[in-house]
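Quick notes on the structure that follows.
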Amino acid sequence: MPTLVKPTLFPDVDAMERRLQRVFGGTPLTGFLPTVLPAADVYETKEEYVVELEVPGYREKELTIEVSDHTLTVKGTREETKDETEKAYRLQERLERSFKREFRLPPETDGAHMTAHFEKGVLEVHAPKVVPATTHKVEITG
Numbered sequence: 003m004p005t006l007v008k009p010t011l012f013p014d015v016d017a018m019e020r021r022l023q024r025v026f027g028g029t030p031l032t033g034f035l036p037t038v039l040p041a042a043d044v045y046e047t048k049e050e051y052v053v054e055l056e057v058p059g060y061r062e063k064e065l066t067i068e069v070s071d072h073t074l075t076v077k078g079t080r081e082e083t084k085d086e087t088e089k090a091y092r093l094q095e096r097l098e099r100s101f102k103r104e105f106r107l108p109p110e111t112d113g114a115h116m117t118a119h120f121e122k123g124v125l126e127v128h129a130p131k132v133v134p135a136t137t138h139k140v141e142i143t144g
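What follows is the structure in structure tokens.
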């Protein structure tokens, strides 16, 4: 069964981060650095692959979805809000103003017929599977 894989430049660093999260419930820097990427769930059903991203604070018009060469790219950019109050953050976990997530889709994904739905801060992208070709005989007439 094919899987969707988050591309990474540093697989060893990602593996270490996952280990730290399991042991300590987060990395040592959690809470001191803002979250860079939205949380994602990716799952497969009989008919499709589904990618769900949590993007609280973003509006639908601030999100873009692109598919190219079996790579799903989701980008978000929101306007900076002006806050005149000086703040000294003790904890900052909200998403930055912009993000970009990429997911490698399996070859049997039908990228031309993908759909997306956005509700309550969750973006769902549905990627249907290509219906496998069937073999049939062709009569020779002559």
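First residue of the sequence shown? That's 3 in the numbering used here, and the numbers climb one at a time after it. Just so you know, even glycine gets a beta-carbon here, dropped at the ideal spot from N, CA and C.
Below 8 Å CB to CB, which residues in the same chain sit around residue i once its five sequence neighbours on both sides are set aside?
i    : result
L107 : L6, Y51, V69, H72, T73, L74, G113, A129
R80  : G59, Y60, R61, E64, R99, S100
T111 : Y51, H72, A129, P130, K131, V132
Pull the bridge partners of residue i from the DSSP assignment, please.
i    : result
V53  : V44, V127
H119 : E126
V132 : Note: V132 sits in no beta bridge, so no partner.
G78  : L65, F101
T111 : K131
T73  : S70, R106
Kindly give me the distance between the Cβ atoms of residue i and residue j, rounded to whole angstroms, as I take these residues to be in contact under 8 Å.
i    : j    : result
F101 : E62  : About 15 Å separates the two Cβ atoms, so there is no contact after all.
L65  : L125 : 6 Å
E56  : G123 : 6 Å
Taking C-alpha atoms, which residue in the options lies nearest to residue i?
i    : options                : result
V127 : M18, P134, A118        : A118
E104 : E49, V132, E54         : E54
Y45  : A135, K131, H138, E141 : K131
Leaving out five residues on either side along the sequence, give the residues of the same chain with a beta carbon under 6 Å from the beta carbon of residue i.
i   : result
D14 : none
Tell me which same chain residues have a C-beta within less than 7 Å of the C-beta of residue i, skipping the five on either side of it?
i    : result
T143 : none
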